[in-house]
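Same order as they appear, the protein sequences are chains A and B. So the first sequence is numbered by our numbering: it starts at 1 and just counts up by one. So the second sequence is numbered by our numbering: it starts at 1 and just counts up by one. Glycine is no exception: its CB is placed at the ideal position from the N, C-alpha and C atoms. Presented below is the structure to which this report refers.
2 protein chains.
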Amino acid sequence: MKEVKVLEIRQSVFADNDRQALLLRQELKEKGIFLLNLMSSPGAGKTTTLLRTIEMLKDRFRIGVMEADIDSDVDARAVSESGVKVIQLHTGGMCHLDAGMTRQGLEGLETGDVELAVLENVGNLVCPAEFDTGASKNAMILSVPEGHDKPLKYPLMFSVCDVVLINKTDVLLYFDFDMDLCREYIRMRNPKAKVIPICAKTGEGMEEWADWLAKETADWRKR
Amino acid sequence: MKEVKVLEIRQSVFADNDRQALLLRQELKEKGIFLLNLMSSPGAGKTTTLLRTIEMLKDRFRIGVMEADIDSDVDARAVSESGVKVIQLHTGGMCHLDAGMTRQGLEGLETGDVELAVLENVGNLVCPAEFDTGASKNAMILSVPEGHDKPLKYPLMFSVCDVVLINKTDVLLYFDFDMDLCREYIRMRNPKAKVIPICAKTGEGMEEWADWLAKETADWRKR
Numbered sequence: 001m002k003e004v005k006v007l008e009i010r011q012s013v014f015a016d017n018d019r020q021a022l023l024l025r026q027e028l029k030e031k032g033i034f035l036l037n038l039m040s041s042p043g044a045g046k047t048t049t050l051l052r053t054i055e056m057l058k059d060r061f062r063i064g065v066m067e068a069d070i071d072s073d074v075d076a077r078a079v080s081e082s083g084v085k086v087i088q089l090h091t092g093g094m095c096h097l098d099a100g101m102t103r104q105g106l107e108g109l110e111t112g113d114v115e116l117a118v119l120e121n122v123g124n125l126v127c128p129a130e131f132d133t134g135a136s137k138n139a140m141i142l143s144v145p146e147g148h149d150k151p152l153k154y155p156l157m158f159s160v161c162d163v164v165l166i167n168k169t170d171v172l173l174y175f176d177f178d179m180d181l182c183r184e185y186i187r188m189r190n191p192k193a194k195v196i197p198i199c200a201k202t203g204e205g206m207e208e209w210a211d212w213l214a215k216e217t218a219d220w221r222k223r
Numbered sequence: 001m002k003e004v005k006v007l008e009i010r011q012s013v014f015a016d017n018d019r020q021a022l023l024l025r026q027e028l029k030e031k032g033i034f035l036l037n038l039m040s041s042p043g044a045g046k047t048t049t050l051l052r053t054i055e056m057l058k059d060r061f062r063i064g065v066m067e068a069d070i071d072s073d074v075d076a077r078a079v080s081e082s083g084v085k086v087i088q089l090h091t092g093g094m095c096h097l098d099a100g101m102t103r104q105g106l107e108g109l110e111t112g113d114v115e116l117a118v119l120e121n122v123g124n125l126v127c128p129a130e131f132d133t134g135a136s137k138n139a140m141i142l143s144v145p146e147g148h149d150k151p152l153k154y155p156l157m158f159s160v161c162d163v164v165l166i167n168k169t170d171v172l173l174y175f176d177f178d179m180d181l182c183r184e185y186i187r188m189r190n191p192k193a194k195v196i197p198i199c200a201k202t203g204e205g206m207e208e209w210a211d212w213l214a215k216e217t218a219d220w221r222k223r
């Protein structure tokens, strides 16, 4: 695998994250860069989903990826193989990214002509939900093996997401996962969230997700 | 299901958590209470593992359980069916428990004659690893669907655990999970950690885990 650029992220100096996030979102809008913040538990399939999404959209948009991790660069190396611009962000133990940290990442990525930027956040259903990164839209992945009760236990994460992908549908048979109940729990937390069952490994449902992302990106870039 | 006691945990007032943890551990030692801190990602199987562990050990030890969650009491209600003493701790959005919060939980549980207390921590591989709860031993569950690379990405969690349970071995066939590589990665982070593959659903490997826990509890309670 290729070597990738690794950036050690510094703690943000700004106390008012909401204001920093608003400023960043406005700047990205002016530059025509759509930023997706992708969140999930560890191992829910963020990188696999991202790799397939890149494959589906890389001829339509210039894509840049920021892989945030506490340590290691395995994900960024995997993404670099897809040919898109990528940077690994090391959070040095920090459990989330805020707007100031996301800005550091975007500067490190050297966005230039990037149209669709993706931040793969730290695998964590708690802390990333509390910090607006400045993203245009928030997406999260819940995987079937985690169970359909997660919206009950991690309410904030589900309430801040514009779209919830339910991944690993290929193993539905082997787990006690009730898709209807899961949709109902998500609706309780967030009636507006779009829910798309997918299997990043086999490709099931990925068309609907890629269409959603392409439309949001195109809409965002319209003046 | 039964109604269970729910305690809203307050943020700790102590700045020096390590000292608070040391004090709590000493107090528990004097009272003959072994405290297990059980950690994992969301949905890795903490509650299912705990339910089977209780079934295996409840005739040997008086068991008390603290179920920490940001919200909901589904886990505590499930545990209450097993007949052991249980309390639901609500962290009010907080992503981990520290020693002061654990102390509040133990007081709420009214440990009395409890010999083996279990804290089911918030589902999170990042923050709980940073705070000593005062537990006698730390255990974590990594589930097969999460992938064998997790020790690379969440190093601190693996380095603070005395035992790592690798759960959901019944679905090994359906995931690209390399058990040998996983053991090697865990060893890199923590050469002393005991690794036990289990399936809490079918019972596979649970004897070895229950034996370990019973021995640690008995040793702790020896004067």
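Between the alpha carbons of lysine 192(A) and glutamine 26(B) lies a distance of about 50 Å.
In the structure shown, glutamine 88(A) adopts extended strand secondary structure according to DSSP, grouped into three states. Relative to the Cα of glutamate 115(B), the nearest Cα in the group Gln104(B), Asp73(B), Ala214(B) and Ala200(B) belongs to Ala214(B). Using a CB distance cut-off of 7 Å, glutamate 146(B) counts as an interface residue toward chain A. Along the region 128–186 of chain B, the beta strand (DSSP E) occurs as fully enclosed runs of 3 or more residues at 137–143 and 163–167, listed in sequence order.
Between proline 42(A) and leucine 156(B), the C-beta gap is not smaller than 7 Å, which leaves the two residues out of contact. Beyond the five residues adjoining it in sequence on each side, lysine 222(B) comes within less than 8 Å, by CB distance, of no other residue in the same chain.
Contact of leucine 152(B) with chain A is assigned, a C-beta pair being separated by under 7 Å. The three-state secondary structure of methionine 94(A), taken from DSSP, is coil. For the C-beta of cysteine 199(A), not a single chain B residue is nearer than 8 Å; the gap to the nearest is close to 12 Å.
Note: lysine 5(B) is bridge-paired with Ile87(B) in the DSSP secondary-structure output. Glycine 43(B) belongs to the set of residues whose beta carbon lies under 7 Å from a beta carbon in chain A. Look at proline 128(B): its C-beta is not under 7 Å from any C-beta on chain A.
Listed by position along chain B, the residues whose Cβ is nearer than 8 Å to that of lysine 168(A) are Pro145. Residue range 63–69 is occupied by the beta strand (DSSP E) that includes glycine 64(A).
Listed along chain A is no residue with a C-beta nearer than 7 Å to that of valine 4(B); the closest approach is about 15 Å. The CB of isoleucine 70(A) comes closer than 8 Å to the CB of Val126, Lys153, Tyr154, Pro155 and Leu156 in chain B, given here in chain order. When rounded, the separation of the alpha-carbon atoms in alanine 76(A) and leucine 50(A) is 11 Å.
In this structure, the alpha-carbon of valine 4(B) lies about 7 Å from that of valine 86(B). In this structure, arginine 52(A) places its C-beta atom within 7 Å of the C-beta atom of alanine 200(A).
Near chain A, meaning a CB-to-CB distance below 8 Å, the residues of the region 91–112 of chain B are Gly93 and Cys95. Residue contact check for aspartate 149(B) against chain A: a CB pair falls below 7 Å.
In the same chain as leucine 172(B), and ignoring 5 residues on each side of it, the C-beta atoms closer than 8 Å to its own belong to Val144 and Met179, in chain order. Residues Ile54, Lys58, Ile63, Gly64 and Val65 of the same chain have their beta carbon placed closer than 7 Å to that of valine 84(B), with the five preceding and five following residues left out of the count.
Using beta-carbon distances, valine 164(A) does not count as an interface residue toward chain B, since no partner is under 7 Å.
If you look at valine 79(B), you'll find it in the alpha helix (DSSP H) that goes 74–80. Under DSSP, isoleucine 196(B) takes part in a beta bridge, and its partners are Leu165(B). Collapsing the DSSP output to three states places asparagine 17(A) in a helix. Within chain A, the C-beta atoms nearer than 7 Å to that of valine 122(B) come from Val126, in chain order.
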